[in-house]
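J.: Residue numbers (numbering that gives the first Met the number 0), protein chains in the order written: chain A, 0 to 451; chain B, 0 to 451; chain C, 0 to 451; chain D, 0 to 451.
There are 4 protein chains.
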Amino acid sequence: MFDLVIKNGKVVTADRVFAASVCVKAGKIAAIVEPGTDVQADKTIDAQDNYVFPGAIDSHAHLNDPGYNWREDYSHGTAAAGVGGFTTIVDMPLQNEPALTDGQIFDNKLAHVSPNAYVDYCFWGGLVDYNLGTLHELDDKGCVAFKSFIGPVSPDYVSLSIGQAKEALEILKSAGARAGFHCEDYSIIKWEEARAKRKEKNDWRDFLDSRPVIAELIATQNIISLAKELDAKVHICHVSHPQVAQVIREAQLDGVDVTAETCGHYLAFSDEDVIKNGSLFKCAPPLREAAAIEGMWEYVNNGTLSCIGSDHSPCELSEKSEEAHGIFGAWGGISGIQNTMQVVFSEGVAKRGYCPTILARSLSEGPAKAFGIYGKKGAIEVGFDADIVILDPKREWEITPESLYYVNQISAFVGLKGVGLPVCTLVRGQVVAEDGKLVGRKGFGEFVKKIK
Amino acid sequence: MFDLVIKNGKVVTADRVFAASVCVKAGKIAAIVEPGTDVQADKTIDAQDNYVFPGAIDSHAHLNDPGYNWREDYSHGTAAAGVGGFTTIVDMPLQNEPALTDGQIFDNKLAHVSPNAYVDYCFWGGLVDYNLGTLHELDDKGCVAFKSFIGPVSPDYVSLSIGQAKEALEILKSAGARAGFHCEDYSIIKWEEARAKRKEKNDWRDFLDSRPVIAELIATQNIISLAKELDAKVHICHVSHPQVAQVIREAQLDGVDVTAETCGHYLAFSDEDVIKNGSLFKCAPPLREAAAIEGMWEYVNNGTLSCIGSDHSPCELSEKSEEAHGIFGAWGGISGIQNTMQVVFSEGVAKRGYCPTILARSLSEGPAKAFGIYGKKGAIEVGFDADIVILDPKREWEITPESLYYVNQISAFVGLKGVGLPVCTLVRGQVVAEDGKLVGRKGFGEFVKKIK
Amino acid sequence: MFDLVIKNGKVVTADRVFAASVCVKAGKIAAIVEPGTDVQADKTIDAQDNYVFPGAIDSHAHLNDPGYNWREDYSHGTAAAGVGGFTTIVDMPLQNEPALTDGQIFDNKLAHVSPNAYVDYCFWGGLVDYNLGTLHELDDKGCVAFKSFIGPVSPDYVSLSIGQAKEALEILKSAGARAGFHCEDYSIIKWEEARAKRKEKNDWRDFLDSRPVIAELIATQNIISLAKELDAKVHICHVSHPQVAQVIREAQLDGVDVTAETCGHYLAFSDEDVIKNGSLFKCAPPLREAAAIEGMWEYVNNGTLSCIGSDHSPCELSEKSEEAHGIFGAWGGISGIQNTMQVVFSEGVAKRGYCPTILARSLSEGPAKAFGIYGKKGAIEVGFDADIVILDPKREWEITPESLYYVNQISAFVGLKGVGLPVCTLVRGQVVAEDGKLVGRKGFGEFVKKIK
Amino acid sequence: MFDLVIKNGKVVTADRVFAASVCVKAGKIAAIVEPGTDVQADKTIDAQDNYVFPGAIDSHAHLNDPGYNWREDYSHGTAAAGVGGFTTIVDMPLQNEPALTDGQIFDNKLAHVSPNAYVDYCFWGGLVDYNLGTLHELDDKGCVAFKSFIGPVSPDYVSLSIGQAKEALEILKSAGARAGFHCEDYSIIKWEEARAKRKEKNDWRDFLDSRPVIAELIATQNIISLAKELDAKVHICHVSHPQVAQVIREAQLDGVDVTAETCGHYLAFSDEDVIKNGSLFKCAPPLREAAAIEGMWEYVNNGTLSCIGSDHSPCELSEKSEEAHGIFGAWGGISGIQNTMQVVFSEGVAKRGYCPTILARSLSEGPAKAFGIYGKKGAIEVGFDADIVILDPKREWEITPESLYYVNQISAFVGLKGVGLPVCTLVRGQVVAEDGKLVGRKGFGEFVKKIK
Ligand SMILES: [Zn+2]
Ligand SMILES: [Zn+2]
Ligand SMILES: [Zn+2]
Ligand SMILES: [Zn+2]
Ligand SMILES: [Zn+2]
Ligand SMILES: [Zn+2]
Ligand SMILES: [Zn+2]
Ligand SMILES: [Zn+2]
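(1) Measure the CB-CB distance between Phe-206(C) and Ile-379(C) and report whether it falls below 8 angstroms.
(2) Closer than 8 angstroms, CB to CB, is Glu-293(C) near chain D or not?
(3) On the DSSP bridge assignment, give the partners of Phe-446(D) in chain order.
(4) Taking C-beta to C-beta, are Gln-39(D) and Asn-7(D) nearer than 8 angstroms?
(5) Which whole-angstrom value describes the C-beta separation of Ile-235(C) and Ile-247(C), a residue pair presumed to lie in contact below a C-beta threshold of 8 angstroms?
(6) Could you list which residues in chain F have their beta carbon closer than 8 angstroms to that of Gly-84(C), in chain order?
(7) Taking 7 angstroms as the cut-off, is the CB of Asn-310(A) close to at least one heavy atom of ligand 2?
(8) Whose CA, out of Pro-366(C), Tyr-117(C), Ala-176(C), Phe-52(C), lies closest to the CA of Arg-440(C)?
(9) Quick one: is Ser-147(B) buried, meaning 16 or more other Cβ sit within 10 Å of its Cβ, or exposed?
(10) At 4 residues or longer, what runs of the alpha helix (DSSP H) sit wholly inside the stretch 213 to 256 of chain A?
(11) DSSP on Val-143(D), reduced to helix/strand/coil?
(12) Note down, in chain order, every chain B residue with its Cβ under 7 angstroms from the Cβ of Leu-252(A).
(13) Which ranges does the alpha helix (DSSP H) cover as unbroken runs of at least 4 residues, wholly within the stretch 121 to 208 of chain B, from first to last along the chain?
(14) Is the CB of Lys-165(C) under 8 angstroms away from at least one CB in chain B?
(15) Could you tell me whether any non-hydrogen atom of ligand 4 is closer than 7 angstroms to the CB of His-61(B)?
(16) Are Gln-94(B) and Asp-155(B) close, meaning C-beta to C-beta below 8 angstroms?
(17) Tell me the rounded alpha-carbon separation between Gly-382(D) and Val-348(D).
(18) With distances taken from each beta carbon to the nearest heavy atom of ligand 7, which residues come in below 6 angstroms, in chain order?
(19) Can you say whether Lys-436(C) is buried or exposed, counting buried as having 16 or more other CB atoms within 10 angstroms of its CB?
(20) As a quick exercise: from Glu-288(D), Asp-386(D), Glu-228(D), pick the residue whose alpha carbon is nearest that of Gly-83(D).
(21) Are there any heavy atoms of ligand 2 lying less than 7 angstroms away from the beta-carbon of Met-91(A), as far as the coordinates show?
(22) How would you label Met-0(C), buried or exposed, when you count the other beta carbons within 10 angstroms and need 16 or more for buried?
(23) For ligand 3, is there a heavy atom less than 7 angstroms away from the beta-carbon of Ala-283(B)?
(24) Report the residues of the stretch 203 to 227 of chain A with a CB closer than 7 angstroms to any CB of chain B, ordered along the chain.
(25) Cα separation between Gly-414(C) and Thr-261(A)?
(26) Within the stretch 276 to 364 of chain D, note down every full alpha helix (DSSP H) run reaching 4 residues or more, in order along the chain.
(27) When burial is assigned at 16 or more other CB atoms within 10 Å of the CB, is Gly-125(A) buried or exposed?
(28) Can you tell me where the beta strand (DSSP E) holding His-111(C) begins and where it ends?
(29) Return the first residue and the last residue of the alpha helix (DSSP H) that Val-82(C) is part of.
(30) Do you know how far the Cα of Leu-159(A) is from the Cα of Phe-85(A)?
(31) Return helix, strand or coil for Leu-390(C), following the three-state DSSP convention.
(32) Is the CB of Arg-360(C) under 8 angstroms away from at least one CB in chain D?
(33) Buried or exposed: where does Tyr-129(B) fall if 16 or more other Cβ atoms within 10 Å of its Cβ makes it buried?
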């Protein structure tokens, strides 16, 4: 007798799509059974004609909580995540007050956010110049990875020099932990920005030019060189360009333990969108030329980029004001946690013809393995958490502001149209969202530790 | 209500090992359920403390039937396969009378062998210089791949020149079919043999030297070059040396659709065994230096060599006589279909510490994908055939002649000791062998077509 | 007091062009002096406004003498060479009666040709399946390299299998000698030809398709693999395509001692010329697509292809008859020994803008180093033979049949126009040709041994 | 009638060694003539049994003049250079007061040093964050390259960030100029130094560990990435390790215009010398493990490292005091301008068996080509400056303090023994040093501009 059975759907794993019923008991996948089989369950969900995906895992979310709650908070952010198909999010340690850099802060953050989460969540640990001594402590508490910036980011978070990154990687290696990096050589950005500002007037092309691919490439190579030298585990956040992906691929084939992520926006938008629409499409690294998009899809498909994260990085509308802050001062970041899965399906499967398995790999298996939670999360397999997304491949959609569960209902994705929508999200067997509406319970979301 | 449940085992997939019960209905895996779950089934097998592997698939077997039945036949060969854990074998088209080169011969062979098979079987189609016109016909009938030799093999089978291979690959490409090659440059072998024979007396070192790695390397490179040029699918049979595997790996990373196989004997024996024991250890390519064995395991583990076949190539004892035939004339071929799985477990998992998943990948998933039968065969997944091997990791063994189900109870593996033995083999849910004894029914084995 | 001084010219070396006088004494370059310097010499040649090149060396000439003198002979062939700027030719051992395969034949050939040569000459030794025992003897007599075919060539010359090539390379390695190969996989050619002939009617595209780049690529890779395995010296004759050059380049960078040559016709003509003009442009490997020409120039310029030879391969007009012999039967070979240097200058320097040093590298230094005669031949350096070509960069030309010194005044180059012509050729300080006219003395040409 | 003839020597060029007389007129090589030739000259030098090398060019010298003359000055520095065989030195713009960063400073420096030079000299231009606007001006005045530091160096010289280096390379590219970099990632050094200082007590191993190969590797890769992206010319100063050389080699083969230099001390000394002897052997990058030395020689020999400079970086003895300044504070730099050539000959030719041509390539041709003065400097060729070094290959030596012409007679090389010594140095035909003694005239040395 199961708690729940999801019937008649097409189950998607990392390498195939097949008809099966998925049975849930006590929040876990308790059985996968052939369609015809008679199954006794308290509750039945009919997934007729729909795909049954493993729950998506957002490798890169900024929920800004605690500290910057006018931008986002756990209840809004995880609600949006759940509606969009993310059953677990990996929350960033910055844009937090204070940044998550030691065990005490960890405990406080956990206590603060746990009453508010609709879906499960992991924590990226902070990795800054003053917390090399607490990395083991944070790892012990369950941080799944450690986030660092090469070059300045924002006043609340200290970046590492390459030299500091070297010591950090040595320490993390001893814990078996992975470090993730925002890879842009800041000296190039800073200088290009300075060069641009010598001009009388700046436009969005200047912003784009101030963060060239070479800056991303150099920073990525540096991190890879360190990882190779030290035999350490690293993760390259939000890769934006195929040239960078190629460097990562070569390192992977060379045996370096480097995982990498891209984001929904790099797979759907181009620099032309920035030129046309301005600050809503501003992010870092910036959107690239249209041809790069196709290249990025290939690197997702061949597994080089094993994670697609949202880099959900919200703000108030006023912070996006070009008038108030200028091109270089306007907030950089795109809100995408609610729409990533549908965009990846629509752009990747419906439009470009990739197999739906691409989602199971890059949204579930890939992040689960990179962040050490595979086994509990990351696939539709017996014994795994019953984190499941039913997606209707024929449902057409257009993203509207009102549909967004964010604190701030703004996003570069507003206005985008496509086909294929998550229509039911389950976390540990409980329905959290249905048909674009939140139905879950605040506080139901649980903290997920890295599996040791 | 299932037909059968296998309880308490540790299920092994390509990427993990987990506790689950496997339920079978109508010959298929109908459910995979959590250990504690109450399951109703007609029959229960307790796999307590044992591994539950997907049935192994022998990518390379010579059953010699019809035509050379003093060496082997379907009843003996498939009995041995079943006892050893191979639930499907892919039978070679040569050492058949006639060689399997057209649709009529296909029908005759199928009719001839089908009453005698204990486990399921696929056919390699023949690929010789006179049947380029019947390749489509054989593909339509379900041949999973097409076997060719670069350079002479035996009087019953015609080899292809590189030029002919080129046309063959063009034809096979149009059918989406894969060609497999015995890769040794015959001109080198022929000439080295001639050089050796200029000596007064030959010993086993001369035989080994007559088939150097460079011969295998060159032939492999040539096939890969053709495959790359034509965008065709190829399979490299019985890779014997890491240098060759490296060339294949580079091609795979370069996007060439080349799969590759090694054999149990290349993973367990070295040239010293040939020197010491003579013709029983003679095979082609020959056994290599001891250091090569470790390299080969690495290439199995990293997936370059995605198949481990037996290259079961039996003969009468008299055909192995060095006295009667000389070093170069004695039969080359090792009988291994009954012992491959236990040897791979013992040498790979017990002795070298690889994860048991290495067997699920190289004995099941790899061959099933290479030969186009994945989905029906190749994994413990709902909807797949219930081909399952229960393996006791603690069972110690020593291989004896009497234990062998072959027509000829001789093998290089006789005398080998190890730990970890298949104790129950199921084909489509039926127990075919238990504790080293055949319990299946002759004729139960079915022909398996390539999935289109 | 010098015998001769060449004044006012622009001396070209492998890496620069500079004004200097070149002084000759006793057939050698006795001094290189600044333009203004007062030099006493019996004779003065004014090279005002012209380039002074080191004498060109033809790495690949078939003079057919003795044996096939209706096609060419030493007096005609070396006369043409001298008029065209080749001061040394390396003559092939085949299309000789008998082929140059042992010391006795060597002595006979030398005696036979020495009274007739206008320029200096080296011998390629034969390398066939029956003369592995005489390679050391031929090397001792001074053969600069040994020529072999992978795959059949013509009735008078036996090709080697890869296996035989392996033994040959082992022997040649012990002598420090280099083997040169005609690299086309004959099995591909043979089979493609057979496929073409299945058609009702053949045209020149069929011929071109019958010798695809993949055939050249595979044969080249095989030779390189052997050379790498054995640490032997090899030379790839008449490379026709950049893809093949790239494979050679990678091997060179990997440390394999492989030198390579292309020919004038691959740098000037394309497959379209064959289609348009038929058998006069037939050669093997065949002319390639126009885009390949540009690629070939780059590989000459970067030194991968360090030799440009003529592959002068003449015949009677009747042997070129498509009517009499058909497309596949008509003689393959292009007569080019008289025009190679002017074509390389015109196409490379005048038309494509390469520095004149490209000629000093690929026509002099490159072949001299590859064939072991550098130090005596190959550069304008004190102590070297005074082999010099004065070339007028402004002289326009059109090649006419009457201008050709060949036994058979036919050539693919007839009708070609260009600019830049050798106007004076000196061998060991003696003027051999002037303004397109032979002025040398028959028998003056000397045999040049490999320097040990 | 020549001014001078150097007879009976063995002339060394980049690719061969041959007997010839070298004739000089008006400071230039006016003729190279065969040994026996009768030559009329005012003066004759007999080089019997000795090598006649092209004058060495020091790609990297810090003469500290004007500004730091207690360390070195032009008269002492160029005297030592001449005695040691350097006929041209390329002087660094830092450790100058002021650093050479604009045209006015250039003029002042030139006026200041020109009365004091014994040998010819070029200027490295400064490349700092405040002089991007004067790079063209410096290039026009004849600077042969521009020197920059990635990461802090000393208070008198500002380093560039990678971002600034990017703009600098764009500007230099438009001038066709080359930028040279001290490549060590300073953030690693700074942090490793800080880590070391956390210890109670530091020893020389701490210093060595504070500047690991990875720091050099990363900085080098970054510069190469910029050069590749921008198609700019760069030079990597003082490469210390084969791993770094390999990265450079790959870039060169990939078509990046990157030249590179190593120094005499990296070819003769190891980290053990630092451990044993302390601060006299302190330099940056530091001396590496003994095995690295052999690797470095191979990269010199294969041309990857086309320059061997001295990085002559002198100081007062007190500045080397470990007691006064500590391990990290003691002056880093080795005085080597007087001994580089003899050390390279002794260690490379006499001890390791490289051909003497290795000196002609790495001490003359290589730097002349990298710094754009080839044609005037860099080889024994007609029309080149008569910069010549006669070296006695049998002369044994031991370096003593008294023999050094430096302002400060201290050096890591003191005490080293070897064989093969420059016995006569000529600059533009004038003898500057003989038998280890200065005989030239102060002020004779001329400034050499880059050839445009
Ligand atoms: Zn970021
Ligand atoms: Zn972010
Ligand atoms: Zn075989
Ligand atoms: Zn076989
Ligand atoms: Zn040829
Ligand atoms: Zn030829
Ligand atoms: Zn430096
Ligand atoms: Zn320096």
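Just so you know, even glycine gets a beta-carbon here, dropped at the ideal spot from N, CA and C. Predicted model only: the values in this text are computed from it and were never measured.
T.: Here's the rundown:
(1) The answer is no: Cβ separation not under 8 angstroms.
(2) Chain D contact via Cβ: absent.
(3) Within the DSSP secondary-structure output, Phe-446(D) pairs in a beta bridge with Tyr-120(D).
(4) Taking the C-beta atoms as reference points, Asn-7(D) is found no nearer than 8 angstroms to Gln-39(D).
(5) That belief holds up - the Cβ atoms of Ile-235(C) and Ile-247(C) are roughly 6 angstroms apart, short of 8 angstroms.
(6) Considering every chain present, this structure includes no chain F. Its protein chains are A, B, C and D.
(7) In the sequence as presented, Asn is not what sits at residue 310(A); that position holds Asp. Yes, ligand 2 has a heavy atom inside 7 angstroms of this Cβ.
(8) It is Tyr-117(C).
(9) It is buried - the Cβ of Ser-147(B) has at least 16 other Cβ atoms within 10 Å.
(10) Runs of the alpha helix (DSSP H) lying entirely within the stretch 213 to 256 of chain A and spanning at least 4 residues, in chain order: 241 to 252.
(11) Here Val-143(D) carries a coil assignment [DSSP, helix/strand/coil].
(12) The answer, in chain order, is Leu-252.
(13) Whole alpha helix (DSSP H) segments, 4+ residues: 134 to 140, 161 to 174, 185 to 196.
(14) Flagged as an interface residue toward chain B: Lys-165(C), by a C-beta distance shorter than 8 angstroms.
(15) Flag set: Cβ of His-61(B) near ligand 4.
(16) Contact annotation: Gln-94(B) and Asp-155(B) have beta-carbon atoms nearer than 8 angstroms.
(17) Taking the straight line joining both Cα atoms gives about 28 angstroms.
(18) Residues with a Cβ closer than 6 angstroms to any heavy atom of ligand 7, in chain order: His-181(D), Cys-236(D), His-237(D).
(19) The residue is exposed, with fewer than 16 neighbouring Cβ atoms inside 10 Å.
(20) The residue with the shortest Cα to Cα distance from Gly-83(D) is Asp-386(D).
(21) Correct: Met-91(A) has its Cβ closer than 7 angstroms to ligand 2.
(22) Around the C-beta of Met-0(C), fewer than 16 other C-beta atoms lie within 10 Å, and the residue is accordingly described as exposed.
(23) The answer is yes for Ala-283(B).
(24) Cβ contacts with chain B come from no residue of the stretch 203 to 227 of chain A.
(25) Each residue's alpha carbon lies about 60 angstroms from the other.
(26) The DSSP assignment places complete alpha helix (DSSP H) segments of no fewer than 4 residues inside the stretch 276 to 364 of chain D at 289 to 300, 321 to 328, 339 to 343, in order along the chain.
(27) It counts as buried.
(28) Where His-111(C) is concerned, there is no enclosing beta strand (DSSP E), although the alpha helix (DSSP H) it sits in stretches over 102 to 112.
(29) For Val-82(C), the enclosing alpha helix (DSSP H) has its first and last residue at 73 to 83.
(30) Near 30 angstroms, if we compare the C-alpha coordinates of Leu-159(A) and Phe-85(A).
(31) Secondary structure at Leu-390(C): strand, using DSSP grouped into helix, strand and coil.
(32) Chain D, which has no Cβ nearer than 8 angstroms to the Cβ of Arg-360(C), makes this no.
(33) Residue burial is scored here from C-beta neighbours: Tyr-129(B) has fewer than 16 other C-beta atoms within 10 angstroms and is therefore classed as exposed.
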